[in-house]
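Protein sequence lines, in the order shown, are assigned to chains A and B.
Going by our numbering, the first residue of the first sequence is number 1, and it counts up by one from there.
Going by our numbering, the first residue of the second sequence is number 1001, and it counts up by one from there.
There are 2 protein chains.
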Amino acid sequence: MEQEHGKATRRVRADSIRNRERLLEAATEIFSAGGTQASLEAVARKAGVGIGTLYRHFPTREALFEAVYRHEVDLLGELAEQLALNNEPVEALKKWLQANVRLVATKKGMIEALQLATVGSSELKVYSYDRMINAIGLLLDRAVKAGAIRDDVPPEDLLRTLVGIYYSQGPGDWQPVALRMVDVFVDGLRLRQG
Amino acid sequence: MEQEHGKATRRVRADSIRNRERLLEAATEIFSAGGTQASLEAVARKAGVGIGTLYRHFPTREALFEAVYRHEVDLLGELAEQLALNNEPVEALKKWLQANVRLVATKKGMIEALQLATVGSSELKVYSYDRMINAIGLLLDRAVKAGAIRDDVPPEDLLRTLVGIYYSQGPGDWQPVALRMVDVFVDGLRLRQG
DNA sequence: ATTTATACGGAGGGTGCCTCCGTTTAGCAA
DNA sequence: TTGCTAAACGGAGGCACCCTCCGTATAAAT
């Protein structure tokens, strides 16, 4: 990569570098404050540059986010070296770990957005949990009474296992895999004769 | 709640009920297909009703999502009873578990949206993981060499523990708690003299 | 001082959000 | 059946955001 091929390249313009830094700074602040959702125009405004400039530097929302994240990671790396020079060991470690919380805040914004959507009312969660447990209990009971499967798996455990299977899958076309794993799991529940 | 006070109330209009069902159906389909992000106007279009009607029935995006979710949960509950009547026990259980996958799809849409934002490039993840491990390793090493903390906690475990601490916290004002837990954890790392 | 490659800014066209209100219609009663 | 009216409908409208495009400004090079 880099620049090769004779043809001396112009130096990167100073204003470009400056703007990029301002954008990064503004984005860090805004994203950390809980909003990965936040409008990019707000970021540009905060950085005091035009929206076009933001898009030139970071063509997509993800690109911006990635740059912010990478920057934070770099800062933490350097911080560790600094702390190592000027602090008593345990203290240095503790300080670094605490600074770390800030980095996570950047990512955490996204998590919150998710949970906001997931939560709904907690009454709903209780309600649906109950219905699920009852449903599983019903079927499980029958199978146990029929002597077809083991009797030491309570509905709650089965539900948790299920959810675990689903969520451990990455994004993409996850359903086939999940179905297969459920099959395997049910086979595991079966009592072997003999 | 309900309706009391003499004053015979008019019956709920038939078109209202019909529209509500259509909206629910359309929303289920669209949300399951991966888009909790999907535009509500698209849902209204798909249901064949005006956007105003959608908002009257479901004042917020969350209200709509909650209704969809609750509906799915109900269906699953009823399905269990049905399956119990008409199927051999293990088969019934398996069928129900599989139907379950569909429900999760509804919630899963949100997860995907999140991961899309989280992922960035996997090169970035490797990069940042390395820097983190190095940083921790540096500080941990010093503290161990100074005889201040136990020497059987590798950087990787510490990092995982950290992340665990952060993400186990719910939404809201989580940082104070996280910082306190980090303190406690670091205290735990300390070697007791004597 | 002049040239020119680079970068800048923001207008513009498109979409989605949500509200508001004039119009339509289902339920009820005479 | 007809008329009345509460209830529900639909979509225009105002606002915010997304992203692109291109005329203008300017830093670097000569």
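No residue lacks a Cβ here, since even glycine has one placed at the ideal position from N, Cα and C.
Query raised in the report: Going straight from the alpha carbon of residue 76 (chain A) to that of residue 50 (chain A), what length do you get?
Result: Working through the first sequence from its first residue, we reach residue 76 (chain A) at position 76. Working through the first sequence from its first residue, we reach residue 50 (chain A) at position 50. About 30 Å.
Report task. Could you give the DSSP three-state label for residue 1019 (chain B): helix, strand or coil? Result -> The sequence position of residue 1019 (chain B) within the second sequence is 19, counting from 1. Correct three-state label for residue 1019 (chain B): helix.
**Report entry** Interface partners of residue 190 (chain A) on chain B, CB under 9 Å
**Finding:** In the first sequence, the residue the question calls residue 190 (chain A) occupies position 190. Neighbours of residue 190 (chain A) on chain B, chain order: 1090.
Query raised in the report: Does the separation of the CB atoms of residue 1084 (chain B) and residue 139 (chain A) fall below 8 Å?
Result: The residue given as residue 1084 (chain B) occupies position 84 in the second sequence. The residue given as residue 139 (chain A) occupies position 139 in the first sequence. A contact, by the Cβ cut-off of 8 Å.
Requested in this report: Can you say whether residue 20 (chain A) is buried or exposed, counting buried as having 16 or more other CB atoms within 10 angstroms of its CB?
Outcome: Working through the first sequence from its first residue, we reach residue 20 (chain A) at position 20. A residue is called buried when at least 16 other Cβ atoms come within 10 angstroms of its Cβ; residue 20 (chain A) meets this threshold and is buried.
Query raised in the report: Can you tell me where the alpha helix (DSSP H) with residue 1061 (chain B) in it begins and where it stops?
Result: By 1-based counting over the second sequence, the position of residue 1061 (chain B) is 61. Counting along the chain, the unbroken alpha helix (DSSP H) around residue 1061 (chain B) starts and ends at 1061 to 1086.
Query raised in the report: Which residue comes first and which comes last in the alpha helix (DSSP H) that contains residue 43 (chain A)?
Result: The count along the first sequence starts at 1 and reaches residue 43 (chain A) at position 43. Its alpha helix (DSSP H) spans residues 40 to 47.
Query raised in the report: In this structure, does DSSP put residue 142 (chain A) in helix, strand or coil?
Result: Residue numbering aside, residue 142 (chain A) sits at position 142 when the first sequence is read from its first letter. Here residue 142 (chain A) carries a helix assignment [DSSP, helix/strand/coil].
Query raised in the report: Along the chain, where does the alpha helix (DSSP H) that runs through residue 1052 (chain B) open and close?
Result: Position 52 of the second sequence holds residue 1052 (chain B). Looking at the DSSP string, the run of the alpha helix (DSSP H) that includes residue 1052 (chain B) is 1051 to 1057.
Query raised in the report: Within 8 Å (strictly less), CB to CB, does residue 1153 (chain B) reach chain A?
Result: Taking the first residue of the second sequence as position 1, residue 1153 (chain B) is located at position 153. With its beta carbon at least 8 Å from every one in chain A, residue 1153 (chain B) lies outside the interface.
Query raised in the report: On the three-state DSSP scale, how would you describe residue 190 (chain A)?
Result: For the purposes of this step, residue 190 (chain A) is taken as residue 190 along the first sequence, with counting starting at 1. Strand.
Query raised in the report: Given that residue 134 (chain A) touches chain B, what residues does it touch there, using C-beta distances under 9 Å?
Result: For this step, residue 134 (chain A) is matched to residue 134 along the first sequence. Residues of chain B passing the Cβ test: 1077 and 1080.
**Report entry** Anticipated Cβ contact below 8 Å, residue 150 (chain A) with residue 1090 (chain B), distance rounded
**Finding:** Reading the first sequence from its first residue, position 150 is the one you call residue 150 (chain A). Reading the second sequence from its first residue, position 90 is the one you call residue 1090 (chain B). About 11 Å separates the two Cβ atoms, so there is no contact after all.
Query - Cβ separation of residue 1044 (chain B) and residue 1053 (chain B), assumed to be a contact under 8 Å, to the nearest whole Å - result: By 1-based counting over the second sequence, the position of residue 1044 (chain B) is 44. By 1-based counting over the second sequence, the position of residue 1053 (chain B) is 53. That belief holds up - the Cβ atoms of residue 1044 (chain B) and residue 1053 (chain B) are roughly 7 Å apart, short of 8 Å.
Requested in this report: Would you kindly check if the distance between the Cβ of residue 1022 (chain B) and the Cβ of residue 1038 (chain B) is under 8 Å?
Outcome: Along the second sequence, one-based indexing puts residue 1038 (chain B) at 38. Along the second sequence, one-based indexing puts residue 1022 (chain B) at 22. Not a contact, by the Cβ cut-off of 8 Å.
Query - Separation of residue 27 (chain A) from residue 97 (chain A), as counted between CA atoms - result: Against the first sequence, residue 97 (chain A) aligns to sequence position 97. Against the first sequence, residue 27 (chain A) aligns to sequence position 27. If I take the Cα positions, the gap works out to 23 Å.
Query raised in the report: Which chain B residues are close to residue 143 (chain A), counting only those with a beta carbon under 7 Å from its beta carbon?
Result: Locating residue 143 (chain A) in the first sequence gives position 143, counting from the first residue. Those within 7 Å of residue 143 (chain A) in chain B are 1089, 1090 and 1093.
Query raised in the report: Distance, Cα to Cα, residue 1159 (chain B) vs residue 30 (chain A)?
Result: Translated into positions along the second sequence, residue 1159 (chain B) becomes position 159. Translated into positions along the first sequence, residue 30 (chain A) becomes position 30. Rounded to whole angstroms, residue 1159 (chain B) to residue 30 (chain A) spans 26 Å at the Cα level.
Query raised in the report: Can you find a CB in chain B that lies within less than 8 Å of the CB of residue 47 (chain A)?
Result: Looking up residue 47 (chain A) in the first sequence gives position 47. No, no contact with chain B.
Query raised in the report: What's the gap between the Cα of residue 87 (chain A) and the Cα of residue 1129 (chain B)?
Result: Here residue 87 (chain A) corresponds to residue number 87 of the first sequence, with the count starting at 1. Here residue 1129 (chain B) corresponds to residue number 129 of the second sequence, with the count starting at 1. For residue 87 (chain A) and residue 1129 (chain B), the distance between alpha carbons rounds to 24 Å.
Query - Inter-residue CB distance, residue 1040 (chain B) and residue 1061 (chain B) (contact presumed, cutoff 8 Å) - result: The residue labelled residue 1040 (chain B) in the question sits at position 40 within the second sequence. The residue labelled residue 1061 (chain B) in the question sits at position 61 within the second sequence. With a Cβ gap of about 6 Å, residue 1040 (chain B) and residue 1061 (chain B) count as contacting.
Requested in this report: Determine which residues share a DSSP beta bridge with residue 1149 (chain B) and list them.
Outcome: Here the question's residue 1149 (chain B) lines up with position 149 in the second sequence. Beta-bridge annotation (DSSP): residue 1149 (chain B) is paired with B:1190.
**Report entry** Nearest-angstrom Cα separation, counted from residue 1067 (chain B) out to residue 1042 (chain B)
**Finding:** Mapped onto the second sequence, residue 1042 (chain B) falls at position 42. Mapped onto the second sequence, residue 1067 (chain B) falls at position 67. C-alpha of residue 1042 (chain B) to C-alpha of residue 1067 (chain B): approximately 17 Å in a straight line.
Query raised in the report: Taking just the CA atoms, how far does residue 94 (chain A) sit from residue 179 (chain A)?
Result: The sequence position of residue 179 (chain A) within the first sequence is 179, counting from 1. The sequence position of residue 94 (chain A) within the first sequence is 94, counting from 1. Looking at the two C-alpha atoms, the distance is approximately 45 Å.
Requested in this report: Would you verify that the beta carbon of residue 120 (chain A) is, or is not, closer than 8 Å to some beta carbon of chain B?
Outcome: As a working note, residue 120 (chain A) is residue 120 in the first sequence. For residue 120 (chain A), the predicted structure reports a pLDDT of 49, less than 50, and the residue's modelled location is therefore unreliable. The matter cannot be settled from this model.
Query raised in the report: Can you tell which of A:36, A:18, A:136 and A:73 has the C-alpha that lies nearest to the C-alpha of residue 57 (chain A)?
Result: For the purposes of this step, residue 57 (chain A) is taken as the residue at position 57 of the first sequence. Its Cα nearest to that of residue 57 (chain A), the residue A:18 stands out among A:36, A:18, A:136 and A:73.
Query - Proximal residues of chain B, C-beta to C-beta of residue 148 (chain A) below 7 Å - result: Within the first sequence, the letter at position 148 stands for residue 148 (chain A). Using a Cβ-Cβ cut-off of 7 Å, residue 148 (chain A) is close to 1089 and 1090 of chain B, given in chain order.
Query raised in the report: Can you tell me whether DSSP reads residue 154 (chain A) as helix, strand or coil?
Result: Sequence index remark: in the first sequence, residue 154 (chain A) carries index 154 (1-based). Coil, per DSSP.
Query raised in the report: By how many angstroms is the C-alpha of residue 156 (chain A) removed from the C-alpha of residue 1014 (chain B)?
Result: Counting from one through the second sequence, the residue named residue 1014 (chain B) turns up at place 14. Counting from one through the first sequence, the residue named residue 156 (chain A) turns up at place 156. Whole-angstrom Cα-Cα distance: 40 Å.
**Report entry** Beta-carbon neighbours of residue 84 (chain A), restricted to chain B and to distances below 8 Å
**Finding:** Counting from one through the first sequence, the residue named residue 84 (chain A) turns up at place 84. Within 8 Å Cβ-Cβ: 1138, 1139 and 1142.
Report task. Please list the partners that residue 1186 (chain B) has in chain A, where partner means a Cβ-to-Cβ separation under 8 Å. Result -> On the second sequence, residue 1186 (chain B) is found 186 positions in, with the first residue counted as 1. Here the neighbours are 90, 93, 94 and 97.
Report task. Put residue 14 (chain A) into one of helix, strand or coil per three-state DSSP. Result -> Counting from one through the first sequence, the residue named residue 14 (chain A) turns up at place 14. Residue 14 (chain A): helix per DSSP, three-state reduction.
Query raised in the report: With burial defined as no fewer than 16 other Cβ atoms inside 10 Å of the residue's Cβ, what is the status of residue 33 (chain A): buried or exposed?
Result: Within the first sequence, residue 33 (chain A) is the residue found at index 33, counting from 1. Residue 33 (chain A) is exposed by the Cβ-count criterion.
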